[in-house]
């Protein structure tokens, strides 16, 4: 409920021009005052004057766990009695050790703080790197900011950190500000206030003090206070209307800390003194007029904007600051304060008052209950799956589309697009390129100079869509880019501050689409690619104006149309439970059930798991990647043949009650003439389950005796299947098989093996002449789908491979889903299957494993398709979407319903799809939790896919369990595929 109080708070803030009331902080309101005062009195009374002085100093040091650093810290603790430490760069484990040592040796527990504007990673390596504020300023709505604050607080607590010097509430009204820029939520002070307060609320609800900075506002400077004292020459009225608004909102909302910047602001203090040394600013304005009662911190005292000021420590305390943050020399400033007290330049009462104030907040922040940081599993506790999900979500929601001529985004019509991406200031192989290639075949280029860009021009001539990715603030030649993009669709994506668009003003004005991703991080790269292809909804708004181009608040809304990519938490699943998949897979690999595999899980239109395991083969140690390509065997039936049948049915070119013989002439004068398409889809035709497709090709006169034997001998030396050995001394019929490619022998069976084009008819005649069973009771048979292929080709007048490429795979962006993959890809991307010692006498890699499909040139209705899991998911998501994907309709809703919901009355089968077994879990191909509405298919090579419409779930498993022999049965005996599916369902349970 807390987040919904914000509009009311903002309204009250807008009605006030500094009412002068003292505003108690939320932390102070919530604490048990009696217990706090008892503790404060007890500790204060135990401190001598030196120790009370020390409480006002927070020392700054590196987070490196060296003996020298440890000695320095312990010296401060012992000799200057410091009240706190802010750590700079380090690692979590090193800082944890330093914190533990420091707290152990401190008489009064220390306030540990961090300058973590974008999370702990601003200072600690190996932690979640959240977006910077300007990117966060692009997010519509602000509930995520509260979640973000809570998460940073959780991580701080794990590290024993009590204070985070964030949020930065500077309204960045100066595009050329050298120090704030991306650290600001934007230029609109009300937007800055709204987002900053949600973040601060999350921090403080999590038990960590927030500190708004840099009072009274650093957003319109042309100098950096790290190097000099910036001048802000605005009127008091302007300061009240812009710079001070976020601070006023923050103070009125009751948050705990404010940091004073080092700024020269004549309208507030004519002396020219830095604001951190100005009583007029720190006391009169901040505390008296604006009513702030929380802790007041200086900005870092090593900064040039203040470091050389005389009597700095004394002036800081007199100005009204409570804590000196990071003086260059702790001993020097400590002694200066002591000397000032001795001289009477500072009063004992002032020191005591500030010491008590610091102690009160120490109690509120829990230092009285300080315990050592547990270092075991610290990184895991910091970098949780929820932290990763939140980081992803913040990146996703920030994507900002500023131009979209003719609704080019999300990119559509992939079958007609030839896309190139040119990354300016980055090399090939970044996360943007990788994610783009999850959606389509995208050619990527990276350039570092105008010379490289010019040299690229001729190579880009054949592309019709150019994505220009700007990865840094360097300006590349507009003229060269204009010539490259001329007469092509152009999309500009900026992985940097929006102000960089000024370097490309004419190009931005002419581009078909402009996307701002704000930062060049892996997640900003990934989500920018998803934004361009419709993997996410895009609704970010520009947090700053870019003169001559766009105004603050601009941003178009585009809906999600394709699969997105995120973590399981995005869809309510649990990453930690999904880890059991890896354990099952490794069990399978160890048992030699398969050498490697891919596993993909998509839910609610989001791929939440896409991993590759193992190696190409047992004797090939190349590791499998998610882009590698598997022979999916009988999954072909439901992935190529069935969609083709559905398409023709959708176009009313066939009926389910059509006889196969209507479209396949070879069946007309046979006992199979009355078999219908529907019966073939159900496998209820009476057709035998298998025929030896290869027998007509073998010259039976070339050997004596039988072709197969039950035992291995000198003659029967090739393992065919369990308990069956084959001879290899036969010869092929020369009129049907050739070892070289020549006219009439265009059906390639394998390396160095070609079949006569007439062999297709040979196989069809074999099927037509095969013995029909007396009953049409269900019997799974590849022959049914080989006949359905003929139906598709006869009706469409196209080869099945061509038909599905044109109507499905190419427009879907399923670039690896193809028959005969060696025509498109090298063997280095194709997973091998069996070492076939009998027919093809070679390791099959890129040639279909199934013999029937092989002797038909690799294209059959029962097998022959290759793919990776990611590309298959696009087709299956189209089924789940009732025929729509990427904003384009492939099949009607009615057709999808007919084929995905119809079930045989005689078996578990659907129309072309397999389904869970409702009567016996032991014989079901699915896990026990799988709903009966699920449909999918398995494949002989060790593959499966299952689509669960009840849970909007897709599960794909691809392996090559037949490597190097088909006799490997452990995949089935270990129940690997259903067990993985069971893990998926368990991961959906909280």
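Numbering (our numbering), first residue to last: 914 to 1903. Every residue, glycine too, gets a C-beta built ideally from N, C-alpha and C.
Would you kindly work out how many angstroms separate the C-alpha atoms of residue i and residue j, rounded to a whole number?
{"i": "residue 1367", "j": "residue 1411", "result": "25 Å"}
{"i": "residue 1424", "j": "residue 1376", "result": "16 Å"}
{"i": "residue 1903", "j": "residue 1266", "result": "50 Å"}
{"i": "residue 1188", "j": "residue 1784", "result": "59 Å"}
{"i": "residue 1328", "j": "residue 1867", "result": "24 Å"}
{"i": "residue 1538", "j": "residue 1633", "result": "30 Å"}
{"i": "residue 1899", "j": "residue 1515", "result": "15 Å"}
{"i": "residue 1888", "j": "residue 1526", "result": "17 Å"}
{"i": "residue 1409", "j": "residue 1361", "result": "16 Å"}
{"i": "residue 1553", "j": "residue 1607", "result": "23 Å"}
{"i": "residue 1195", "j": "residue 1017", "result": "34 Å"}
{"i": "residue 1637", "j": "residue 1750", "result": "13 Å"}
{"i": "residue 1127", "j": "residue 1081", "result": "7 Å"}
{"i": "residue 1211", "j": "residue 1275", "result": "18 Å"}
{"i": "residue 976", "j": "residue 1077", "result": "16 Å"}
{"i": "residue 1120", "j": "residue 1726", "result": "48 Å"}
{"i": "residue 1245", "j": "residue 1456", "result": "43 Å"}
{"i": "residue 1893", "j": "residue 1766", "result": "29 Å"}
{"i": "residue 1315", "j": "residue 1330", "result": "22 Å"}
What does DSSP give as the partner residue(s) for residue i in the beta ladder?
{"i": "residue 1390", "result": "Looking at the DSSP assignment, residue 1390 forms no beta bridge with any residue, so it has no partner."}
{"i": "residue 1621", "result": "1639"}
{"i": "residue 990", "result": "Paired residues: none, contrary to the question."}
{"i": "residue 1716", "result": "BP columns for residue 1716 are empty, so no partner."}
{"i": "residue 1524", "result": "1512"}
{"i": "residue 1770", "result": "According to DSSP, which records beta bridges pairwise, residue 1770 is partnered with nothing at all."}
{"i": "residue 1661", "result": "1667"}
So, with DSSP's three-state summary, where would you put residue i?
{"i": "residue 1758", "result": "coil"}
{"i": "residue 936", "result": "strand"}
{"i": "residue 1599", "result": "coil"}
{"i": "residue 1832", "result": "coil"}
{"i": "residue 1496", "result": "helix"}
{"i": "residue 1533", "result": "strand"}
{"i": "residue 1438", "result": "helix"}
{"i": "residue 1646", "result": "coil"}
{"i": "residue 1932", "result": "As displayed, the chain neither begins before 914 nor continues past 1903, which places residue 1932 out of reach and without an answer."}
{"i": "residue 1402", "result": "strand"}
{"i": "residue 1852", "result": "strand"}
{"i": "residue 926", "result": "Any reading at residue 926 is ruled out, since the residue's pLDDT is 44, under 50, leaving its predicted position unreliable."}
{"i": "residue 1160", "result": "helix"}
{"i": "residue 1354", "result": "coil"}
Which residue comes first and which comes last in the alpha helix (DSSP H) that contains residue i?
{"i": "residue 1811", "result": "1806-1814"}
{"i": "residue 1562", "result": "1555-1563"}
{"i": "residue 1315", "result": "First-last for residue 1315: 1313-1317, but that is the beta strand (DSSP E), not the alpha helix (DSSP H)."}
{"i": "residue 1250", "result": "1243-1256"}
{"i": "residue 1170", "result": "Residue 1170 -> not in any alpha helix (DSSP H); beta strand (DSSP E) instead, spanning 1170-1173."}
{"i": "residue 953", "result": "946-959"}
{"i": "residue 909", "result": "The structure shown does not extend to residue 909, since the chain is modelled only from 914 to 1903, so the question has no answer here."}
Counting along the chain, where does the beta strand (DSSP E) carrying residue i start and finish?
{"i": "residue 1632", "result": "1629-1634"}
{"i": "residue 1027", "result": "1024-1027"}
{"i": "residue 1694", "result": "Premise fails: residue 1694 is in no beta strand (DSSP E) and is neither H nor E."}
{"i": "residue 1427", "result": "1426-1429"}
{"i": "residue 1866", "result": "1866-1872"}
Review point. Does the count of Cβ pairs from the region 1014-1032 and the region 982-1002 closer than 8 Å reach three?
Key: Contact between the region 1014-1032 and the region 982-1002 is present, because at least three Cβ pairs lie under 8 Å.
Review point. Between the region 1292-1310 and the region 1047-1064, are three or more C-beta pairs nearer than 8 Å?
Key: The region 1292-1310, when compared against the region 1047-1064, does touch it at the 8 Å Cβ threshold.
Review point. Any contact of the region 1518-1532 with the region 1713-1730, i.e. 3+ C-beta pairs under 8 Å?
Key: No, because fewer than three Cβ pairs between the region 1518-1532 and the region 1713-1730 fall closer than 8 Å, the two stretches do not touch.
Point to revise | Three CB pairs or more closer than 8 Å across the region 1699-1718 and the region 1612-1620 | key: At 8 Å Cβ cutoff, the stretches do not touch.
Review point. Should the region 1761-1775 be regarded as contacting the region 1729-1738, the criterion being three or more beta carbon pairs within less than 8 Å?
Key: With the cut-off at 8 Å, the region 1761-1775 and the region 1729-1738 touch.
Check your understanding: Three or more beta-carbon pairs under 8 Å between the region 1281-1289 and the region 1252-1263, yes or no?
Key -> Contact check between the region 1281-1289 and the region 1252-1263: fewer than three CB pairs, one atom from each, fall below 8 Å, which does not count as touching.
Review point. With contact counted as at least three CB pairs below 8 Å, one residue from each stretch, are the region 1476-1493 and the region 1129-1148 in contact?
Key: Under the three-pair Cβ rule at 8 Å, the region 1476-1493 does not count as touching the region 1129-1148.
Exercise for review: Specify whether the region 1083-1093 and the region 1033-1042 touch according to this definition: at least 3 beta carbon pairs, one from each stretch, less than 8 Å apart.
Suggested key: Short answer: they don't touch.
Review point. Taking one C-beta from the region 1787-1794 and one from the region 1746-1763 each time, how about it: are there three or more such pairs within less than 8 Å?
Key: The region 1787-1794 makes no contact with the region 1746-1763, as fewer than three CB pairs between them are under 8 Å.
Check your understanding: Counting pairs of Cβ atoms below 8 Å between the region 1097-1106 and the region 1155-1175, do you hit three or more?
Key -> These segments touch.
Exercise for review: Inspect the CB distances between the region 1620-1627 and the region 1842-1853 and report whether three or more fall short of 8 Å.
Suggested key: Inter-segment contact for the region 1620-1627 and the region 1842-1853 is absent: fewer than three beta-carbon pairs are separated by less than 8 Å.
Check your understanding: Are three or more beta carbon pairs between the region 1162-1170 and the region 1200-1215 nearer than 8 Å?
Key -> Contact between the region 1162-1170 and the region 1200-1215 is present, because at least three Cβ pairs lie under 8 Å.
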